[in-house]
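**Student:**
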Amino acid sequence: MRSSARVMLFASAAMLSCVAGSTALAIDAFNFTVTQSTSSVTYNFGVNAPFTGSLLGENDPLKPATEQTRTKRFATFFSCGAFGAAQNDPVNISGAVVAAGNNSSGTPAVRPTGTFKLGINPAANTCVLQDFDANLVASGAIGFVASLNSFTYQSFCTVNPSCSAPFLFAIPSLEVGSVSVTALRAVQAPATPASGTLTPGAPNTWTFTVPVTLTVTPTITLNGGTIASDPQVVPAIVTGTITRSGNTATITASTSIDASPPANTTPTALPAAPLTIPPTSPLCPGINVITTLTLTSQTVTTTSTIAINGSGPQIVCPCDPDGSGTTTVADIFEYLNRWFSGDPRADINGGGLQVSDIFDFLNCWFSPPLGC
Ligand SMILES: [Ca+2]
Ligand SMILES: [Ca+2]
Numbered sequence: 513m514r515s516s517a518r519v520m521l522f523a524s525a526a527m528l529s530c531v532a533g534s535t536a537l538a539i540d541a542f543n544f545t546v547t548q549s550t551s552s553v554t555y556n557f558g559v560n561a562p563f564t565g566s567l568l569g570e571n572d573p574l575k576p577a578t579e580q581t582r583t584k585r586f587a588t589f590f591s592c593g594a595f596g597a598a599q600n601d602p603v604n605i606s607g608a609v610v611a612a613g614n615n616s617s618g619t620p621a622v623r624p625t626g627t628f629k630l631g632i633n634p635a636a637n638t639c640v641l642q643d644f645d646a647n648l649v650a651s652g653a654i655g656f657v658a659s660l661n662s663f664t665y666q667s668f669c670t671v672n673p674s675c676s677a678p679f680l681f682a683i684p685s686l687e688v689g690s691v692s693v694t695a696l697r698a699v700q701a702p703a704t705p706a707s708g709t710l711t712p713g714a715p716n717t718w719t720f721t722v723p724v725t726l727t728v729t730p731t732i733t734l735n736g737g738t739i740a741s742d743p744q745v746v747p748a749i750v751t752g753t754i755t756r757s758g759n760t761a762t763i764t765a766s767t768s769i770d771a772s773p774p775a776n777t778t779p780t781a782l783p784a785a786p787l788t789i790p791p792t793s794p795l796c797p798g799i800n801v802i803t804t805l806t807l808t809s810q811t812v813t814t815t816s817t818i819a820i821n822g823s824g825p826q827i828v829c830p831c832d833p834d835g836s837g838t839t840t841v842a843d844i845f846e847y848l849n850r851w852f853s854g855d856p857r858a859d860i861n862g863g864g865l866q867v868s869d870i871f872d873f874l875n876c877w878f879s880p881p882l883g884c
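If you're matching positions, the sequence shown starts at 513 in our numbering and goes up one per residue.
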């Protein structure tokens with residue numbers, strides 16, 4: 513850069529010293545990563561999704577004709593009448609997909625992953641939690657049996673085997689596969705710090721409590737189809753202990769998340785799925801059919817408690833080059849000296865020294881992020 517530009521920059525910095533004061537925050541912040549192997553989640557899930565749809569004989573062409581289950585709706589109020597040679601009619605059904613499960617006993621073990629920043633100000637007994645982002649079921653999908661409850665159906669018959677199923681009463685419960693929770697994210701709005709209290713304990717150890725707002729988003733599937741569940745914003749309180757050791761810290765923390773969003777009323781068509789009517793069912797037992805369901809509304813409730821262990825390095829403030837722990841005008845001069853002398857430490861945004869480094873430095877200096 514030409515020397516005139518250099519003079520201008522330093523003159524600007526000198527002017528700043530007249531109009532801007534120190535932006536000292538005296539917060540030490542750490543970038544934590546959840547230790548998956550020692551962190552855990554207990555959960556309680558519930559899914560309730562009324563549906564309409566149909567069932568149809570499996571009619572498996574790979575089986576001998578004498579074993580191909582086909583369906584036929586009642587021709588009259590009393591009977592099916594004769595089956596056509598290849599007749600296979602869809603039969604209207606309705607009810608509700610219901611699934612629930614928990615691991616309150618700790619089994620199966622469910623382990624989260626995640627990251628967050630925690631800043632502490634021991635002088636003021638305050639702390640800041642920022643950018644909390646966790647997947648509570650990172651150790652693998654959790655699943656539980658799904659049932660078709662209050663199952664009603666048009667009167668129908670089957671061939672191979674031959675059976676008649678006049679509609680007489682709803683079937684209370686019919687197992688239909690499994691609901692799988694493949695992800696459960698709890699996320700704080702980015703760059704939106706939540707403030708809490710800090711209490712000193714043993715040397716270099718503090719307990720903390722931070723009320724925080726999290727957006728909880730489950731990803732849930734049933735037989736390969738996704739059950740629509742809206743993200744829900746829920747209040748939570750994160751409590752724990754932070755222990756500092758030089759430029760790193762460890763943390764143990766916990767929080768409980770209770771998400772009961774209103775029903776999602778977006779109709780959801782699930783992929784066709786096989787269903788074997790169990791031998792104990794009054795509904796033509798032991799036959800194989802294909803179900804095609806459209807969920808008319810979907811209610812997903814989640815209660816979970818996360819026990820977090822984590823560790824991480826102290827966040828290095830990019831706009832405190834003199835390392836005083838606060839951002840002052842002296843940092844601007846120090847930074848510009850480094851930049852003009854080609855000091856690689858002035859490359860605060862990667863990619864080598866560029867003019868954009870100066871702008872990013874000034875952005876940081878005027879709006880110091882957590883850790884500055
Ligand atoms: Ca400084
Ligand atoms: Ca750069």
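Where a beta carbon is used, it is the ideal one built from N, C-alpha and C, also for glycine.
Under the three-state reduction of DSSP, which class applies to Gln548: helix, strand or coil?
**Tutor:** Taking the sequence shown and counting its residues from 1, one reaches residue 548 at position 36. Gln548 falls in the helix class under three-state DSSP.
**Student:** Return the chain-ordered list of same chain residues with a C-beta closer than 6 Å to the C-beta of Thr804, the five sequence neighbours on each side being excluded.
**Tutor:** Taking the first residue of the sequence shown as 1, we reach residue 804 at position 292. These residues qualify, in order along the chain: Gly565, Ser566, Ala784.
**Student:** If you check the beta carbons only, do Leu726 and Trp718 fall under 8 Å apart?
**Tutor:** Within the sequence shown, numbered from 1, the residue matching residue 726 stands at position 214. Within the sequence shown, numbered from 1, the residue matching residue 718 stands at position 206. Going by C-beta atoms, Leu726 is not nearer than 8 Å to Trp718.
**Student:** From this set, Asn661, Leu660, Ser676, which residue's C-alpha is nearest Ser667's C-alpha?
**Tutor:** Position 155 of the sequence shown, counting from 1, holds the residue named residue 667. Among Asn661, Leu660, Ser676, the Cα nearest to that of Ser667 belongs to Ser676.
**Student:** For ligand 1, any of its heavy atoms closer than 7 Å to the Cβ of Ser879?
**Tutor:** Taking the first residue of the sequence shown as 1, we reach residue 879 at position 367. No, ligand 1 has no heavy atom inside 7 Å of this Cβ.
**Student:** Taking the alpha-carbon positions, what's the Phe656 to Phe557 distance?
**Tutor:** For the purposes of this step, residue 656 is taken as the residue at position 144 of the sequence shown. For the purposes of this step, residue 557 is taken as the residue at position 45 of the sequence shown. C-alpha separation (whole angstroms): 9 Å.
**Student:** Considering only the beta carbon of each residue, do Ala740 and Thr780 sit closer than 8 Å?
**Tutor:** Translated into positions along the sequence shown, residue 740 becomes position 228. Translated into positions along the sequence shown, residue 780 becomes position 268. Contact: yes.
**Student:** What separation, rounded to the nearest whole angstrom, lies between the Cα atoms of Phe871 and Pro702?
**Tutor:** For the purposes of this step, residue 871 is taken as the residue at position 359 of the sequence shown. For the purposes of this step, residue 702 is taken as the residue at position 190 of the sequence shown. If I take the Cα positions, the gap works out to 22 Å.
**Student:** Do you know how far the Cα of Ser606 is from the Cα of Tyr665?
**Tutor:** By 1-based counting over the sequence shown, the position of residue 665 is 153. By 1-based counting over the sequence shown, the position of residue 606 is 94. Each residue's Cα considered, the two are about 7 Å apart.
**Student:** Just to confirm before moving on: does the CB-CB distance between Thr782 and Val722 stay below 8 Å?
**Tutor:** Against the sequence shown, residue 782 aligns to sequence position 270. Against the sequence shown, residue 722 aligns to sequence position 210. Correcting the residue identity first, residue 782 is Leu in this sequence and not Thr. Result no, Cβ atoms of Leu782 and Val722 do not sit closer than 8 Å.
**Student:** DSSP on Thr949, reduced to helix/strand/coil?
**Tutor:** With the chain covering only 513 through 884, there is no way to say anything about residue 949.
**Student:** What whole-angstrom Cβ distance do Ala541 and Gly883 have, given they're in contact under 8 Å?
**Tutor:** Within the sequence shown, numbered from 1, the residue matching residue 541 stands at position 29. Within the sequence shown, numbered from 1, the residue matching residue 883 stands at position 371. That belief holds up - the Cβ atoms of Ala541 and Gly883 are roughly 4 Å apart, short of 8 Å.
**Student:** For the pair the segment 753-770 and the segment 588-596, tell me if three or more CB-CB distances fall below 8 Å.
**Tutor:** No: the two stretches stay apart, fewer than three of their Cβ pairs being nearer than 8 Å.
**Student:** Taking DSSP's pairing of strands, which residues face Asp770 in a bridge?
**Tutor:** As a first step, residue 770 must be located in the sequence shown, where it is residue number 258. Looking at the DSSP assignment, Asp770 forms a beta bridge with Thr815.
**Student:** Cα separation between Gly758 and Pro562?
**Tutor:** By one-based count along the sequence shown, residue 758 stands at place 246. By one-based count along the sequence shown, residue 562 stands at place 50. Answer to the nearest angstrom: the Cα atoms are 56 Å apart.
**Student:** Could you pull the start and end residues of the beta strand (DSSP E) that Phe628 belongs to?
**Tutor:** If you number the sequence shown from 1, residue 628 lands on position 116. Unbroken beta strand (DSSP E) run through Phe628: 625-633.
**Student:** Given 8 Å as the limit, is there contact between the segment 826-845 and the segment 857-877, that is, 3 or more CB pairs closer than that?
**Tutor:** Contact holds: three or more Cβ-Cβ distances are below 8 Å.
**Student:** DSSP on Val841, reduced to helix/strand/coil?
**Tutor:** For the purposes of this step, residue 841 is taken as the residue at position 329 of the sequence shown. Helix.
**Student:** Do Thr719 and ligand 1 come close, with the Cβ less than 7 Å from some heavy atom?
**Tutor:** For this step, residue 719 is matched to residue 207 along the sequence shown. Checking the Cβ of Thr719 against ligand 1 gives no.
**Student:** Can you check which of these residues, Ile799, Gln744, Pro715, is closest to Ile754 by C-alpha distance?
**Tutor:** Looking up residue 754 in the sequence shown gives position 242. The option with the nearest alpha carbon to Ile754 is Pro715.
**Student:** Would you list the residues whose beta-carbon is nearer than 7 Å to any heavy atom of ligand 2, in the order they occur in the chain?
**Tutor:** After applying the 7 Å Cβ criterion, the set is Asp859, Ile860, Asn861, Gly862, Gly863, Gly864, Leu865, Gln866, Ser868, Asp869.
**Student:** Out of Val603, Ala636, Ala695, point me to the one whose CA is closest to Thr570's CA.
**Tutor:** Locating residue 570 in the sequence shown gives position 58, where the first residue counts as 1. One point to set straight first is that residue 570 is Glu, not Thr, in the sequence displayed. Glu570 has its Cα closest to that of Val603, out of Val603, Ala636, Ala695.
**Student:** If you drop the 5 nearest sequence neighbours on each side, which residues of the same chain put their C-beta closer than 6 Å to that of Pro773?
**Tutor:** Start at 1 with the first residue of the sequence shown, and residue 773 comes out as number 261. Hits under 6 Å: Asp742, Gln744.
**Student:** Could you tell me which of Val609, Ala608, Lys584 sits nearest to Ala597, measuring between CA atoms?
**Tutor:** To locate residue 597, count along the sequence shown from 1; it is residue 85. The shortest Cα separation from Ala597 among Val609, Ala608, Lys584 belongs to Lys584.
**Student:** Work out the CA separation of Leu680 and Asn661 for me, nearest whole Å.
**Tutor:** In the sequence shown, residue 661 corresponds to position 149, counting from 1. In the sequence shown, residue 680 corresponds to position 168, counting from 1. Spanning the two alpha carbons is a distance of roughly 16 Å.
**Student:** According to DSSP, is Cys530 part of a helix, a strand, or is it coil?
**Tutor:** Within the sequence shown, the letter at position 18 stands for residue 530. Because Cys530 carries a pLDDT of 46, less than 50, the predicted location of this residue cannot be relied on, and the following value inherits that uncertainty. Three-state DSSP puts Cys530 in a helix.
**Student:** What first and last residue would you give for the beta strand (DSSP E) that runs through Cys829?
**Tutor:** Counting from one through the sequence shown, the residue named residue 829 turns up at place 317. First-last for Cys829: undefined, no H or E at that position.
**Student:** Span of the beta strand (DSSP E) holding Leu805?
**Tutor:** Locating residue 805 in the sequence shown gives position 293, counting from the first residue. Unbroken beta strand (DSSP E) run through Leu805: 800-807.
**Student:** Using 8 Å for Cβ pairs, my map puts Val728 next to Ala775. What's the rounded Cβ distance?
**Tutor:** Residue mapping note: residue 728 aligns to position 216 of the sequence shown, counting from 1. Residue mapping note: residue 775 aligns to position 263 of the sequence shown, counting from 1. With 8 Å as the limit, Val728 and Ala775 do not qualify as a contact, their Cβ atoms being about 16 Å apart.
**Student:** Pick out whichever of Asn600, Thr815, Asp834 has its Cα sitting closest to the Cα of Asn672.
**Tutor:** Taking the first residue of the sequence shown as position 1, residue 672 is located at position 160. The option with the nearest alpha carbon to Asn672 is Asn600.
**Student:** Would you say the segment 609-626 touches the segment 644-659, given that touching needs at least three Cβ pairs under 8 Å?
**Tutor:** Yes, they touch.
**Student:** Quick check for students: name the residue ranges of the alpha helix (DSSP H) that lie wholly in the segment 646-680, counting only runs of 4 or more.
**Tutor:** List check, alpha helix (DSSP H) in window: nothing returned.
**Student:** Taking the beta carbon of Val724 as the centre, do at least 16 other beta carbons fall within 10 Å, making it buried, or is it exposed?
**Tutor:** Mapped onto the sequence shown, residue 724 falls at position 212. So Val724 ends up on the buried side.
**Student:** For Pro825, tell me which candidate among Lys629, Gln700, Arg850, Arg697 has the shortest Cα-Cα distance.
**Tutor:** Taking the sequence shown and counting its residues from 1, the one referred to as residue 825 is at position 313. Closest option to Pro825, Cα to Cα, is Lys629.
**Student:** Could you tell me the boundaries of the alpha helix (DSSP H) in which Ala720 lies?
**Tutor:** Along the sequence shown, one-based indexing puts residue 720 at 208. A small fix is needed here, since residue 720 is Phe in this sequence, not Ala. Not the alpha helix (DSSP H): Phe720 falls in the beta strand (DSSP E), residues 717-734.
**Student:** From the DSSP secondary-structure annotation, give me the bridge partner or partners of Leu568.
**Tutor:** On the sequence shown, residue 568 is found 56 positions in, with the first residue counted as 1. BP columns for Leu568 point to Ile802.
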